Amino acid sequence: MKRKLVPDVVKSQELILVTEDTSVLTVSKLMAEKNIGAVLVVNHGDLVGIVTERDLNNKVLSTQIDAFETEVSAIMTRNPDTLPPDADAIEALTLMQSKHYRHLPITQGKRAVGIVSIRDLFKLAYEHLVEEVEFRDSLMRT
Numbered sequence: 001m002k003r004k005l006v007p008d009v010v011k012s013q014e015l016i017l018v019t020e021d022t023s024v025l026t027v028s029k030l031m032a033e034k035n036i037g038a039v040l041v042v043n044h045g046d047l048v049g050i051v052t053e054r055d056l057n058n059k060v061l062s063t064q065i066d067a068f069e070t071e072v073s074a075i076m077t078r079n080p081d082t083l084p085p086d087a088d089a090i091e092a093l094t095l096m097q098s099k100h101y102r103h104l105p106i107t108q109g110k111r112a113v114g115i116v117s118i119r120d121l122f123k124l125a126y127e128h129l130v131e132e133v134e135f136r137d138s139l140m141r142t
């Protein structure tokens with residue numbers, strides 16, 4: 001069975017969106033408070049970028065820029081790759097594996113409607129493997 005990103009993988013989530021002029025410090029605090037690894041950056045509702053833990057580490061902490069004074073537009077990944085909600089989970093996994101992404105925005109047109117993480121896809125793969133093992137075990141018992 002093919003699993004679609006929405007609603008099979010991303011069932012319900014509180015989507016955290018910020019604007020380009022949000023401070024890096026605010027974004028970092030949001031990510032810590034919500035225990036998430038990425039936030040999406042929008043301009044009038046359209047996706048323009050993504051900020052990840054990796055961005056915070058590589059572009060802020062390691063360079064010692066002022067997180068309070070720096071706007072997120074200076075460190076975000078602009079025009080990130082995206083997939084539509086009806087994309088298959090395997091499409092997301094393939095793209096994320098090939099490009100070494102841990103987070104991938106889901107968009108409807110230019111509008112951000114979700115974000116899928118490698119953890120979401122791992123959970124799906126784990127559930128699938130457990131189902132296979134249970135099915136195999138049930139066949140062996142009969």
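First residue of the sequence shown: 1, per the UniProt record's numbering; consecutive thereafter. The C-beta atom is built at its ideal place from N, Cα and C for all residues, glycine as well. The structure presented is a predicted model; accordingly, all values stated were derived computationally and were not measured.
- Between Val-18 and Asp-120, the C-beta gap is not smaller than 7 Å, which leaves the two residues out of contact.
- Counted as a single uninterrupted DSSP element, the beta strand (DSSP E) harbouring Gln-108 occupies residues 103-108.
- Its chain contains Leu-5, Val-9, Leu-83, Leu-104, Val-116 and Leu-121 as the residues whose beta carbon lies nearer than 8 Å to that of Ala-92, once the 5 sequence neighbours on both sides are disregarded; these appear in chain order.
- At the C-beta level, Lys-2 and Asp-88 come within 7 Å of one another.
- For Gly-45 against Arg-111, the beta-carbon gap comes to about 6 Å, under 8 Å, which counts as contact.
- Annotation: Thr-70 to Met-76 spans about 11 Å, alpha carbon to alpha carbon.
- The shortest CA-to-CA distance from Arg-54 to any of Ala-125, Ser-28 and Glu-132 is the one to Ser-28.
- The Cβ-Cβ distance between Glu-20 and Val-39 does not fall below 7 Å.
- Spatial neighbours of Glu-33 in its own chain (CB-CB distance under 8 Å, excluding positions within 5 residues in sequence) are not present.
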